[in-house]
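Here the structure is laid out as structure tokens; the discussion comes afterwards.
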Amino acid sequence: MQTFSAPLPSAPVSTAGRRRRGRSLVAALLTAALVAACNGGAGDTGDTGDTEDDPAGAPAEAEPDATAADGDDLQLAVAVASFDLAVGESQRLLAGLYTQERQLLGFGEVTFDLGHLGDAAGGETELTQRATAAFLPVPGAEPEGDAAQPTVMSAQDGTGVYAAEVDLDQPGYWGLRVTAQLADGSVHEGQATFEVHEEPGVPAVGDEAPAIENLTLADVEAGTAEPESLDSRAIEDGEVPSPQLHRTTIAEAVEQGRPVVAIFSTPVYCVSRFCGPLVETIEDLADRYAERADFVMVEVWEDFDEQRLNAAAAEWIQTETGGNEPWTFLVGEDGRIAARWDNVLDVAELEAELDALPAIPPRAEGTPADDLVED
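Those letters in the sequence shown? Residues 1101 to 1475, by our numbering.
What follows is the structure, encoded as structure tokens:
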């Protein structure tokens, strides 16, 4: 029987906590170790600080929390990438995998083995659950190729995580062991711990969507909001990109019984650099699915220099211990959360959800603030 030993509080632990309302900044909003590690590179428009010395996909300032299989010199660092794990069945567990040389593992499938540790991150436990995890590329930063088995590659060529649905029947800390068999037949392992909460910290499937008004182009036109409060990319020239994502509010869509895809993102200040590619992906979906749902982007920061969150972002994704981004939600016509994706959006899943929705009249494109956006 396999056991898991965690002598030290090891790999990145989920920072999600129970829900807390309010507009004040919690500094942990931009602290996600994997996230900094899983730098998407391609398609990113944001500047997250001095990361040139740390190759994309590499956990910064950390030794791999991993044990290689006997005879192998490749150890895997495992970075748990899920934001909001709670007790329940079919919880989506994400993990980024890296070599000691900070190269990314991508493609194919790996094995997740899990066991409950208890109230502390250390100790030993039996691994009681096994799941197959498939590679999930970051939208807009997909690596080229279609290797059938896990492959070591440069994260500059793309990035992603491994995803599996697991059953988490107890709160507290869990141990995760990841096993990957590469194309050459070699088997490599790594491990991490992560925290599971009794309840979700952000709106979960089945919850009512928070009825708060996010900023729109109309607020910029009225002079009550700065363009960069709608999209941090506007700080460059004062123009708001992606107008189709800023014409309505989540609350208005819910009131009108219209499904809405809402993303919470900050392309310029995103630690993960997943935010820019995500926004570009949502722009494309908004064009293709305008007759199925409304699409709304909420910029996380109202004023980054003042460290002030947008009220809608605070209401939706801020937790007792801070929070993380990006998030993607699908709200149904009944005003309840139909699906959600933390960190890395599964585009195929969202497209399937949208395909299943009945057609709705497309929202009019005209807006008094159209002269504030790019053509």
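Note that CB positions come from ideal geometry on N, CA and C, so glycine has one too.
Residue 1312: not part of any alpha helix (DSSP H); DSSP gives it neither H nor E. Out of 1422, 1454, 1434 and 1433, the CA that lies nearest to the CA of residue 1301 is found in 1422. Excluding five sequence positions before and after residue 1260, the CB atoms of its chain that fall closer than 6 Å to its own CB belong to 1206, 1235, 1236, 1237 and 1238, given in chain order. Taking C-beta separations shorter than 6 Å and ignoring five residues to either side along the sequence, the partners of residue 1457 in its chain run 1359 and 1392, following chain order.
DSSP, read as helix, strand or coil, puts residue 1455 in helix. Restricted to the region 1322-1346, the alpha helix (DSSP H) segments that are unbroken, complete and at least 4 residues in length are 1327-1330, listed in chain order.
Cβ neighbours of residue 1211 within its own chain (closer than 8 Å, five residues either side excluded): 1230, 1231, 1232, 1233, 1278, 1279 and 1280.
If you check the CB distance, residue 1240 and residue 1420 do not come in under 8 Å.
Partner residues in the beta bridge of residue 1233, as assigned by DSSP, are 1210.
In this structure, the straight-line span from the alpha carbon of residue 1453 to that of residue 1254 is close to 32 Å. Comparing alpha-carbon positions, the option among 1295, 1209 and 1427 lying closest to residue 1215 turns out to be 1295. Residue state for residue 1185 is assigned as coil, using DSSP reduced to three classes. For residue 1447 and residue 1385, the gap between their C-alpha atoms comes out near 9 Å.
Residue 1298 carries a coil assignment under DSSP once its states are collapsed to helix, strand and coil. Closest in C-alpha terms to residue 1209, from the list 1196, 1269 and 1217, comes 1196.
CA-to-CA, the gap between residue 1443 and residue 1461 works out to about 30 Å. In the three-state reduction of the DSSP assignment, residue 1388 falls in the helix class. DSSP places residue 1281 in the strand class (E or B) of the three-state scheme.
Three or more beta-carbon pairs separated by less than 8 Å are not found between the region 1328-1339 and the region 1303-1311, which leaves the two stretches without contact.
Remark: C-beta atoms of residue 1178 and residue 1290 approach each other more closely than 8 Å.
Counting C-beta pairs with one atom in each stretch, the region 1366-1383 and the region 1308-1325 have fewer than three that are closer than 8 Å, which means they do not touch. Look at residue 1363 here: in three-state DSSP terms it is strand. Excluding sequence positions up to five before and after residue 1226, its CB lies within less than 8 Å of the CB of 1101, 1102, 1103, 1104 and 1215, all in the same chain and listed in chain order. Within the region 1237-1270, the complete beta strand (DSSP E) segments of 3 residues or longer fall at 1251-1253 and 1260-1268, listed in chain order.
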